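Residue numbers (the numbering used here), protein chains in the order written: chain A, 1 to 279; chain B, 1 to 311.
As structure tokens, then:
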């Protein structure tokens with residue numbers, strides 16, 4: 001009898017979980033299918049299989065003359081890559097100095113960086129706009145990149161520093177004896193040993209940069225610089241009454257993130273929660 | 001005399017420190033390594049936050065010099081503006097509703113799949129998926145789902161519940177916030193689930209085994225043993241949803257820009273509308289400072305609550 005109740009219990013658990021999984025996926029699946037429908041079918045049969053099965057919406061979005069999808073994709077990738085690279089370099093430099101070097105004022109500087117964890121980007125955004133204007137960085141990739149790097153820095157330094165601290169001191173001593181200067185030690189010994197933590201901060205920075213909308217919305221004005229989230233908003237605004245086309249755009253805009261997620265699911269979940277749990 | 005002596009001692013101490021090649025190297029390296037990160041961080045994070053505090057005391061349209069000093073007038077105006085009242089209420093509603101619905105949902109799933117559960121990775125992967133989408137994409141997808149002509153209510157709901165036929169989820173002041181909140185749950189419950197699973201995995205398995213041997217059933221085990229031990233993680237989850245909620249902008253913007261009739265306004269959409277669209281930078285900065293103060297208070301409260309428990 002006990003076995004019996006246990007089995008029904010399990011069956012209920014799985015049924016509920018599968019239902020929830022379907023609920024989680026259904027908006028995305030409807031979007032994907034909607035992109036293959038025409039408007040009439042979308043109105044009459046939201047859940048049905050596309051019939052006729054149209055590829056034209058997707059082809060229109062991918063057509064460089066009809067939409068700026070690829071341009072936005074390129075802009076998002078460029079901004080993301082540079083943000084991630086700057087983040088790795090700056091946080092490794094700072095994390096190294098703050099963990100491996102002993103000098104007066106070290107704790108003060110570390111705490112100075114930690115204060116940044118309390119500053120939400122939205123608070124700084126109006127003065128940032130004025131500042132970027134006077135630096136002539138409005139409507140410029142770097143107007144988005146620099147603030148993104150700067151706001152990610154406190155968390156990255158915190159994560160990197162605690163990892164660098166654990167690298168055994170003997171390594172450094174033998175390197176110093178071999179005449180290795182700190183910068184080479186950092187580049188050739190510490191960074192290669194720190195792949196897991198570099199992965200973590202890269203993923204945090206990638207997802208943050210890829211999805212950000214508020215900052216680019218303020219900084220980038222010309223359509224040729226628009227990132228993908230901006231592209232979504234402008235495309236949806238332009239084709240308010242042509243939902244199938246918008247759904248095709250949305251699906252294609254989801255593709256890079258979903259592929260990346262499927263490939264590196266474990267790293268992504270760990271990376272995105274590491275930032276939180278360690279904090 | 002004495003003063004000179006002590007300053008002499010100080011310089012000699014410094015000299016001594018400096019003459020040690022190890023210390024000298026440490027200072028040189030630290031300076032070289034820290035200069036760039038410090039500049040970037042100070043220029044783009046610290047400086048703007050202080051400037052926001054400064055601007056907030058002026059009436060300023062962003063051009064020319066700050067001359068029109070207003071003191072706390074901006075703050076008084078904001079705090080008495082009923083629209084800001086709605087915005088701040090919505091922000092706190094997100095916190096309370098997420099405590100009531102989102103975190104319990106994530107907790108139940110986490111408790112179910114955290115240990116020795118077949119298919120745990122599969123479910124985890126699916127539940128976490130919405131979190132990696134940008135809020136703009138998530139919001140636009142759901143604008144489609146809620147659309148009265150082509151969305152679910154057109155095809156499904158209106159057949160089952162006839163009075164829903166002309167219902168406007170995002171088109172009415174009364175329902176727009178609740179509709180957006182559903183999207184927030186959809187997008188973020190997976191994140192909370194993963195955080196809670198990580199917390200659960202920190203609780204030793206032996207504890208559960210011992211409890212089972214003593215004949216404690218699963219409900220009692222979860223309620224009396226697991227939940228108290230998981231308290232710090234639950235607090236962390238709550239803390240994230242609070243700090244996140246005070247930043248809410250993208251999703252609301254993608255789902256109708258806080259309208260109709262400011263029904264889904266949040267503090268940040270309010271700041272954007274006044275600070276940027278109307279170019280009242282002083283006023284907008286004052287809103288930013290209010291957001292900042294609320295965030296800081298919540299952080300301090302969180303530190304206090306979690307620190308007490310550790311004693």
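Even for Gly, the Cβ is constructed at its ideal location relative to N, Cα and C.
Nothing here was measured: the structure is a model prediction, and the numbers come from that model.
Cut-off 7 Å between Cβ atoms - residues of its own chain near residue i, not counting five sequence neighbours on either side
i: residue 180/B; result: 251, 252, 255 and 264
i: residue 262/B; result: 83 and 86
i: residue 123/B; result: 113
i: residue 246/A; result: 235, 236 and 239
i: residue 10/A; result: none
i: residue 294/B; result: 246
i: residue 58/B; result: 66, 68, 69, 70 and 282
i: residue 46/A; result: 30
i: residue 151/B; result: 144 and 145
Best match in the options for proximity to residue i [C-alpha to C-alpha]
i: residue 184/B; options: 98/B, 147/B, 307/B and 88/B; result: 98/B
i: residue 201/A; options: 87/A, 258/A and 105/A; result: 87/A
i: residue 156/A; options: 264/A, 125/A, 133/A and 98/A; result: 98/A
i: residue 290/B; options: 266/B, 306/B and 173/B; result: 266/B
i: residue 171/B; options: 305/B, 20/B, 257/B and 206/B; result: 257/B
i: residue 17/A; options: 118/B, 17/B, 276/B and 101/B; result: 118/B
i: residue 73/A; options: 271/A, 104/A, 270/A and 250/A; result: 250/A
i: residue 211/B; options: 222/B, 202/B and 298/B; result: 222/B
i: residue 243/A; options: 19/A, 35/A, 56/A and 24/A; result: 35/A
i: residue 139/B; options: 188/A, 254/A and 8/A; result: 254/A
i: residue 6/A; options: 226/B, 244/B, 243/B and 217/B; result: 217/B
N- and C-terminal bounds of the alpha helix (DSSP H) containing residue i
i: residue 184/A; result: 182 to 185
i: residue 264/B; result: Unbroken run through residue 264/B: none, as it is neither H nor E.
i: residue 43/B; result: Unbroken run through residue 43/B: none, as it is neither H nor E.
i: residue 110/A; result: 106 to 115
i: residue 210/A; result: 195 to 211
i: residue 278/B; result: Neither: residue 278/B is in no alpha helix (DSSP H) and is coded neither H nor E.
i: residue 210/B; result: 205 to 213
i: residue 240/A; result: Element bounds for residue 240/A: n/a, residue is neither H nor E.
i: residue 173/B; result: Neither: residue 173/B is in no alpha helix (DSSP H) and is coded neither H nor E.
i: residue 43/A; result: 39 to 44
Close beta carbons around residue i, own chain, < 6 Å, minus the five adjacent residues each side
i: residue 260/A; result: none
i: residue 169/B; result: 146, 175 and 179
i: residue 13/B; result: none
Own chain partners of residue i with C-beta closer than 8 Å, once the 5 adjacent residues on each side are dropped
i: residue 49/A; result: 33
i: residue 278/A; result: Any reading at residue 278/A must be qualified, since the residue scores a pLDDT of 45, below 50, and its modelled position is unreliable; no value is offered.
i: residue 311/B; result: Unreliable placement is indicated for residue 311/B, whose pLDDT of 44 sits below 50; the coordinate value is still reported in the next sentence. The answer is none, since no qualifying residue turns up.
i: residue 50/B; result: none
i: residue 262/A; result: none
i: residue 1/B; result: At residue 1/B, the pLDDT of 42 sits below 50, so the modelled position is not reliable; the number obtained from the coordinates is stated separately. Cβ within range, chain order: n/a, list empty.
i: residue 287/B; result: 78, 84, 267, 270, 271, 274 and 275
i: residue 117/A; result: 154, 155, 158 and 279
Contact set between residue i and chain B, taken where Cβ atoms lie within less than 8 Å
i: residue 116/A; result: 41, 45 and 46
i: residue 49/A; result: Chain B residues near residue 49/A: none, gap ~14 Å exceeds 8 Å.
i: residue 120/A; result: 243, 246, 247, 291, 292 and 295
i: residue 273/A; result: 191, 194, 195 and 198
i: residue 90/A; result: 36, 37 and 40
i: residue 93/A; result: 33, 34, 36 and 37
Within chain B, partners of residue i - CB distance below 9 Å
i: residue 211/A; result: 132, 133, 134, 135, 136, 137 and 250
Interface partners of residue i on chain B, CB under 7 Å
i: residue 247/A; result: 144
i: residue 113/A; result: 41
i: residue 13/A; result: 112
Listed by chain order, chain A residues near residue i by CB distance under 8 Å
i: residue 129/B; result: 24, 25, 28, 258 and 261
Partners in chain A for residue i, counting only beta-carbon separations shorter than 9 Å
i: residue 29/B; result: 96, 97, 100, 101, 103, 181, 182 and 183
i: residue 238/B; result: The contacting residues do not exist; residue 238/B stays about 12 Å from chain A at best.
i: residue 254/B; result: 213, 229, 232, 233 and 236
i: residue 86/B; result: Going along chain A, no residue has its Cβ under 9 Å from residue 86/B, so there is no contact; the nearest lies around 18 Å.
Listed by chain order, chain A residues near residue i by CB distance under 7 Å
i: residue 268/B; result: 122
i: residue 110/B; result: Within chain A, no residue comes near residue 110/B; the closest Cβ sits about 12 Å away, beyond 7 Å.
i: residue 275/B; result: 126
i: residue 212/B; result: Those do not exist, as residue 212/B stays about 13 Å from chain A at its closest Cβ, beyond 7 Å.
> According to a CB-to-CB cut-off of less than 9 Å, which residues of the segment 147 to 161 of chain B neighbour chain A?
Replying inline: Of all residues in the segment 147 to 161 of chain B, 147, 149, 150, 151, 152, 154, 155 and 156 have a Cβ within less than 9 Å of some Cβ in chain A.
>> Please list, in chain order, the residues of the segment 283 to 304 of chain B that have any C-beta partner in chain A closer than 8 Å.
In response: Result list: 284, 285, 288, 289, 291, 292, 295, 296 and 299.
> Name the residues in the segment 25 to 47 of chain A whose C-beta lies less than 9 Å from a C-beta of chain B; which are they?
Replying inline: Across the segment 25 to 47 of chain A, CB contacts with chain B closer than 9 Å involve 25, 26, 27, 28, 30, 31, 34, 39, 42, 43, 44, 45, 46 and 47, in sequence order along the chain.
> Got a sec: which bits of the segment 219 to 230 of chain B sit with their beta carbon under 8 Å from any beta carbon on chain A, in order along the chain?
Replying inline: Residues passing the 8 Å Cβ filter: none.
> Along the segment 248 to 266 of chain A, what residues have a CB closer than 7 Å to any CB found in chain B?
Replying inline: Going along the segment 248 to 266 of chain A in chain order, one finds 250, 253, 254, 257, 261 and 265 with a Cβ nearer than 7 Å to chain B.
> Going along the segment 126 to 157 of chain A in order, which residues come within less than 8 Å of chain B, judged by CB to CB distance?
Replying inline: Listed in sequence order: 126, 127, 128, 129, 130, 131, 146, 147, 149, 150, 151, 153, 154 and 157.
> Which residues, in chain order, does the segment 13 to 28 of chain B contribute to contact with chain A at a C-beta distance below 7 Å?
Replying inline: Residues of the segment 13 to 28 of chain B with a C-beta less than 7 Å from any C-beta of chain A: 26 and 27, listed in chain order.
> Got a sec: which bits of the segment 198 to 229 of chain A sit with their beta carbon under 9 Å from any beta carbon on chain B, in order along the chain?
Replying inline: Along the segment 198 to 229 of chain A, the positions whose C-beta sits under 9 Å from a C-beta of chain B are 207, 210, 211, 212, 213, 214, 217, 218, 228 and 229, read in chain order.
> What residues in the segment 49 to 69 of chain B have a beta carbon less than 7 Å from any beta carbon of chain A?
Replying inline: Answer in chain order: 49, 51, 52, 55 and 62.
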